[in-house]
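Reading through the structure tokens given below for one structure.
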Amino acid sequence: MLGGGTFVTQNKVLPGAYINFVSAASASATLSDRGFVAFPLILDWGKDGEVFTVTQEDFQKNSLKLFGYAYTSEKLKGLRDLFKYAQTCYFYKLNGGVKAANTYVTAKYKGVRGNSLKTVIAVNADDNNKFDVATYLDTTLVDAQTVATAAELVSNDYVDPIKTATLAVTAGTPLTGGTNGEAVTGTDYQTFLTKIESYSFNILACPSDVSTVIALFVAFTKRMRDEIGVKFQTVVYRTVADFEGVINLKNAITDVTEDFPAYSLIYWLAGREAACAVNKDLTNKIYDGEFTVDTNYSQLSLVAGINAGELIFHKVGDTVRILNDINSFTTVTGEKSKDFSSNQVVRVLDQVGNDIAAVFNVKYLGNIQNNKAGRLSLWGDIVTYLNELVNLGAIEEYDTGDITVSAGNAKDSVVVECPITPVSAMKKLYMVVNVN
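Using the numbering used here, you'd call the opening residue of the sequence shown number 56 and step up by one each time.
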């Protein structure tokens, strides 16, 4: 893994891009895609022990084989909320369990959903020496093969054959014994975080209300952003983090079920934040998901929530909207102004950090000489990139002369000064009407 993160002195050992974000006011190429979410889940069905990638299109077309349920199932309500805006999700199944099985096949994955599978075997109508072997999930036919023996069966998206079995006609032999395993522990979440570390995403979701689990995610986020240089934000539930990389969701849902706890609004918020364009803000955006949101907050509690760094949904007429698109950062310092509490500002800074680091790591690291021509080339790429952000309205116009690329203390290092001013959406109107 390449080096990255922030720096105090030019003393780094690993090759990589080290980028500091400093509030200038207080301190007197192409844009990468958005819409990527990392999300650990407790699942009845799905790949075991590995991160698996699902696109919005995959989910709509293949939810049955990916998650064991039809797209319209109540079991997938949270994922439908997530994929309203998320483009690509990196999922990890937290729970273990046991695979369901019968005489002829074993379920592809662990989990209770495997118990809804069954094997139907009939003599082939055209060849009495062969069998038609069908796999059903509930009443849906998901696979059919014609073979002479079990040894000829091949795996499908739902089951793996027991090739030593003896085939016999059956109207339906169910798979049994599938379980979701023991309760998920902090170790399971830690395993997920270790596996997801090498992926690039915009939002990490923490689907838990357990304080130790949330603390683990917050610590991971701080380490990845500040030490490794990977810029993303994490959505957590009702946790004071005081960090621009953590979005603190205040609202619970009122339609709580066994599958969807109070914090389930995280599904929609994670997808919405991940997909939000670098030049946009989610303030006043309507919640268009499937859960019922608790918005029973007074005006005073809404003000207090904003001051505490809470992202809150509130009722406006018949709609539920995001009150203010902010993160949990509240403690203003000489290096970080109040601007860092704005998710729009953080999106811009994260985009710049990730994209320029990618340009450096791919094009320059180990390839371009650290001389005047090489530094001028890097300067040109940075200016071209920033001009694209200006054209999008993500940052203010700037003086290209303020962007500098100079030699560092060591022969293999360069120092970039890159003062930018992110643009924010209008949120407050102060108006004086003079009556003559």
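Every residue gets a Cβ at the ideal spot worked out from N, C-alpha and C, and that includes glycine.
Just so you know, these numbers come straight off a predicted model, no measurement behind them.
Sorted by chain position, which residues of the same chain lie with C-beta nearer than 7 Å to Tyr-452's C-beta, five sequence neighbours on each side aside?
It should be pointed out that residue 452 corresponds to Glu in this sequence rather than to Tyr. Exclusion of the five residues before and after Glu-452 leaves Val-445 as the residues of its chain whose Cβ lies within less than 7 Å of its Cβ.
Considering Cα atoms alone, identify which of Asp-405, Ala-203, Asn-306 is closest to Ser-356.
Asn-306
Taking 7 Å as the threshold (C-beta atoms), are Val-291 and Leu-149 in contact?
no
Rounded to whole angstroms, what's the CA-CA distance from Ile-176 to Tyr-126? Just pull it up for me.
Distance between the alpha carbons of Ile-176 and Tyr-126 is about 28 Å.
Do Ser-392 and Ser-479 have their CB atoms nearer than 7 Å?
no
Closer than 6 Å by C-beta to Asp-380: which residues in its own chain qualify, once you throw out the five before and the five after it? Chain order, please.
Asp-336, Leu-337, Thr-338, Asn-398
One question on the structure: do Phe-395 and Phe-298 come within less than 7 Å of each other, judged by their Cβ atoms?
no
Excluding the 5 residues preceding and the 5 following Val-471 in the sequence, name in chain order all residues of the same chain whose CB lies nearer than 6 Å to its CB.
Counting only residues of its own chain and dropping the five nearest sequence neighbours on each side, Val-471 has a CB closer than 6 Å to the CB of Val-460.
May I have a chain-ordered list of the alpha helix (DSSP H) segments no shorter than 4 residues that lie completely inside the stretch 218 to 259?
241 to 251
Hey, which unbroken runs of the beta strand (DSSP E) at 3 residues or more fall wholly within the stretch 96 to 167?
Entirely contained in the stretch 96 to 167, the beta strand (DSSP E) runs reaching 3 residues are, in chain order, 107 to 110, 143 to 148, 154 to 156, 160 to 165.
Between Asp-310 and Ile-217, what straight-line distance do the alpha-carbon atoms span, to the nearest angstrom?
43 Å
If the criterion is Cβ atoms closer than 7 Å, does the pair Phe-146 and Phe-94 meet it?
yes
So, is Glu-112 buried or exposed, given that buried needs 16 or more other C-beta atoms within 10 angstroms?
exposed
Please work out which residues of its chain come closer than 7 Å, Cβ to Cβ, to Val-167, disregarding the five sequence neighbours upstream and downstream, and give them in chain order.
Asp-99, Gly-233, Thr-234, Asn-235
If we count the other Cβ atoms within 10 Å of its Cβ and call it buried at 16 or more, is Ser-319 buried or exposed?
Buried is the label assigned to Ser-319, since at least 16 other Cβ atoms lie within 10 Å of its Cβ.
Check the C-beta distance from Gly-90 over to Ala-330 and give it rounded, since I have them as a contact under 8 Å.
4 Å
Measure how close the beta-carbons of Ile-258 and Ala-325 come, nearest whole angstrom, since I'm counting them as under 8 Å.
5 Å
Would you check if the distance between the CB atom of Gly-101 and the CB atom of Tyr-322 is smaller than 7 Å?
no
Quick check on the DSSP output: what are the complete alpha helix (DSSP H) runs of length 4 or more inside the stretch 248 to 316, in order along the chain?
266 to 278
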